[in-house]
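Just so you know, my numbering puts 699 at position 173 of the sequence shown, and the rest follows in order with no gaps.
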Amino acid sequence: MAIVAKTVIVKPVSIMCNQRCRYCYNFSVDFRTMHAFPKMEVATVEATQRNLVAMGYNRIRLVFHGGEPLLRGLPFYQQVVEMQARLRQEFPDVMVENGIQSNLTRLTPEWCEFFKQHRFSVGTSLDGWRELHNYYRQYPDGSGTFDDVMRGLEMAKEYGILGGYIAVITDQTLKQDPKAYFDYLVSINPKVELSPCWEMGSPDNKPPYVLEPRDFLNFLKATFDVWLARDDPKLEVRLLHGFMQALLGGRDMTCSFKGNCRDFLAIEADGSVYPCGKFSGIPEFYLGNINTQPLAEVLANPIYATWLANRTDMPPKCQACPWVKTCFNGCTYERYMGNGQFAEVSPLCDVWTGMFEYTDQRIKELQAQMV
Numbered sequence: 527m528a529i530v531a532k533t534v535i536v537k538p539v540s541i542m543c544n545q546r547c548r549y550c551y552n553f554s555v556d557f558r559t560m561h562a563f564p565k566m567e568v569a570t571v572e573a574t575q576r577n578l579v580a581m582g583y584n585r586i587r588l589v590f591h592g593g594e595p596l597l598r599g600l601p602f603y604q605q606v607v608e609m610q611a612r613l614r615q616e617f618p619d620v621m622v623e624n625g626i627q628s629n630l631t632r633l634t635p636e637w638c639e640f641f642k643q644h645r646f647s648v649g650t651s652l653d654g655w656r657e658l659h660n661y662y663r664q665y666p667d668g669s670g671t672f673d674d675v676m677r678g679l680e681m682a683k684e685y686g687i688l689g690g691y692i693a694v695i696t697d698q699t700l701k702q703d704p705k706a707y708f709d710y711l712v713s714i715n716p717k718v719e720l721s722p723c724w725e726m727g728s729p730d731n732k733p734p735y736v737l738e739p740r741d742f743l744n745f746l747k748a749t750f751d752v753w754l755a756r757d758d759p760k761l762e763v764r765l766l767h768g769f770m771q772a773l774l775g776g777r778d779m780t781c782s783f784k785g786n787c788r789d790f791l792a793i794e795a796d797g798s799v800y801p802c803g804k805f806s807g808i809p810e811f812y813l814g815n816i817n818t819q820p821l822a823e824v825l826a827n828p829i830y831a832t833w834l835a836n837r838t839d840m841p842p843k844c845q846a847c848p849w850v851k852t853c854f855n856g857c858t859y860e861r862y863m864g865n866g867q868f869a870e871v872s873p874l875c876d877v878w879t880g881m882f883e884y885t886d887q888r889i890k891e892l893q894a895q896m897v
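Next comes the structure, spelled out in structure tokens:
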């Protein structure tokens, strides 16, 4: 049987969170409509799974996201796995994996036992050492979250449930020594996803945390060299791996460079469907509701086709670029300006093309050393 896979970002409490990270895309721009969504019911998760199976998907990954998904409470997740056990009897050829992306500040041994028993992969976010992390990742009162995150992270490692973590690269990151930064990140956990902080929005209202492309490129080059010099296959640093694998082939590691956005969907707490987690809650990209419509009908919404075309239809600058088949104009969200409008070319174009050129050069140097 051929594998037909789909990953769904499930938001059981929508954007509700016990933190107020200053760069969070849920709160940092004015084009995202804030809704007082109710807490998700288990029936919405079941409707999601049943609809995916009805459309022929036999490998389903649910990533519970937020906001802070632990705020939904352990009984909700216990009911979810009970429901999934029933569906396994009904659809024995369908594999369902669960993951959760949490800030881990509310993690307890009881949560850990549950995640371990039911094989949830747990992810979190840590931006670096205390001062760097706390600069943007704060509680509503402005206090830092580092100590609580590290407590949860170490607990997750102790129980063997930590899959990896995200490190958001901000303007503050670029002020750090790349080697010290890299060494710290992989000392915490060998699996890290580097996520550039970017909100395009209005050109007249650029947030302070947004990266300057030239500085970001220089930082990435230096970090890439540190990673390469370590020559350790256990260090899975997603963005850096992505540059290599886009050129050498192999398993896709980086969503931004896949060239299509069909692999993901997002389900809000009330069952609203959006094409991607980063576009969740933006009214121009609302596709329908999984509780009241078949998923096939939701995805037949012309908004979805237009959104997909925005990803796959390359502008003239990209068509003429030698890296178009590795970069694909970056992540669609990089280009979003608000009001349903997109910039033609990614504002990080020089970063991505610069890194593909640099990676290609470094690969050739390594190949020459082997001759």
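Don't be surprised by glycine CBs; every beta carbon is placed ideally from N, CA and C.
Considering only their Cβ atoms, is the gap separating residue j from residue i smaller than 8 angstroms?
{"i": "N715", "j": "Y685", "result": "no"}
{"i": "Y551", "j": "K804", "result": "yes"}
{"i": "A795", "j": "S540", "result": "yes"}
{"i": "G503", "j": "G689", "result": "Residue 503 falls outside the range modelled here, since the chain spans only 527 to 897, and no answer is possible."}
{"i": "A682", "j": "L633", "result": "yes"}
{"i": "D653", "j": "Y662", "result": "yes"}
{"i": "L874", "j": "W724", "result": "yes"}
{"i": "L700", "j": "F672", "result": "no"}
{"i": "P538", "j": "K565", "result": "yes"}
{"i": "V530", "j": "G582", "result": "yes"}
{"i": "M609", "j": "E572", "result": "yes"}
{"i": "P722", "j": "L711", "result": "no"}
{"i": "G814", "j": "V799", "result": "yes"}
I'd like the list of long-range same chain contacts for residue i, defined as Cβ closer than 6 angstroms, with 5 residues on each side in sequence excluded.
{"i": "V877", "result": "P739, F742 and L743"}
{"i": "N544", "result": "E594"}
{"i": "M542", "result": "G593 and L597"}
{"i": "H644", "result": "V607"}
{"i": "C857", "result": "S782"}
What is the rounded straight-line gap between the Cα of residue i and the Cα of residue j?
{"i": "F617", "j": "K747", "result": "47 angstroms"}
{"i": "V534", "j": "A755", "result": "36 angstroms"}
{"i": "V718", "j": "V694", "result": "10 angstroms"}
{"i": "E860", "j": "C853", "result": "13 angstroms"}
{"i": "L613", "j": "M863", "result": "41 angstroms"}
{"i": "C638", "j": "L658", "result": "27 angstroms"}
{"i": "C802", "j": "L578", "result": "16 angstroms"}
{"i": "T650", "j": "Q627", "result": "5 angstroms"}
{"i": "I816", "j": "G797", "result": "5 angstroms"}
{"i": "V871", "j": "P841", "result": "7 angstroms"}
{"i": "L821", "j": "Q615", "result": "22 angstroms"}
{"i": "K890", "j": "W849", "result": "16 angstroms"}
{"i": "Q605", "j": "V536", "result": "15 angstroms"}
{"i": "D619", "j": "N660", "result": "45 angstroms"}
{"i": "T570", "j": "G807", "result": "17 angstroms"}
{"i": "N786", "j": "H591", "result": "22 angstroms"}
{"i": "Y830", "j": "D703", "result": "42 angstroms"}
{"i": "L761", "j": "E636", "result": "30 angstroms"}
{"i": "F868", "j": "L630", "result": "34 angstroms"}
{"i": "N855", "j": "R837", "result": "8 angstroms"}
{"i": "Y884", "j": "T818", "result": "49 angstroms"}
{"i": "P809", "j": "T832", "result": "15 angstroms"}
{"i": "D886", "j": "G880", "result": "10 angstroms"}
{"i": "N865", "j": "Y812", "result": "13 angstroms"}
{"i": "A528", "j": "E623", "result": "17 angstroms"}
{"i": "T574", "j": "A580", "result": "10 angstroms"}
{"i": "A846", "j": "K732", "result": "29 angstroms"}
{"i": "E680", "j": "S713", "result": "12 angstroms"}
{"i": "R888", "j": "D757", "result": "13 angstroms"}
{"i": "A611", "j": "M896", "result": "52 angstroms"}
{"i": "V589", "j": "K532", "result": "11 angstroms"}
{"i": "L668", "j": "D839", "result": "In the sequence as presented, Leu is not what sits at residue 668; that position holds Gly. Near 43 angstroms, if we compare the C-alpha coordinates of D839 and G668."}
{"i": "L892", "j": "Y603", "result": "48 angstroms"}
{"i": "P759", "j": "K784", "result": "22 angstroms"}
Can you find the residues in the same chain that come closer than 7 angstroms, C-beta to C-beta, to residue i, ignoring five residues on each side of it along the sequence?
{"i": "T780", "result": "R764, L765 and G768"}
{"i": "F708", "result": "T749, V752 and W753"}
{"i": "P734", "result": "D697"}
{"i": "I899", "result": "As displayed, the chain neither begins before 527 nor continues past 897, which places residue 899 out of reach and without an answer."}
{"i": "K705", "result": "V752"}
{"i": "K843", "result": "V871"}
Which same chain residues, not among the five before or five after residue i, have their C-beta less than 8 angstroms away from its C-beta?
{"i": "M621", "result": "N584, R585 and I586"}
{"i": "Y665", "result": "N544, Q545, R546 and T671"}
{"i": "L834", "result": "N786, C787, R788 and P801"}
{"i": "M676", "result": "L652"}
{"i": "R576", "result": "L613"}
{"i": "K851", "result": "G785"}
Return the Cβ separation of residue i and residue j in integer angstroms, given the expectation that the two are a contact with Cβ distance under 8 angstroms.
{"i": "L773", "j": "F882", "result": "7 angstroms"}
Taking 8 angstroms as the CB-CB cut-off, is residue i touching chain C?
{"i": "A611", "result": "Among the chains of the structure shown, chain C does not appear; only one protein chain is present."}
Q. On the three-pair Cβ rule with 8 angstroms, is the stretch 777-795 touching the stretch 823-834?
A. Taking a cut-off of 8 angstroms on C-beta distances, the stretch 777-795 touches the stretch 823-834, as three or more cross pairs fall below it.
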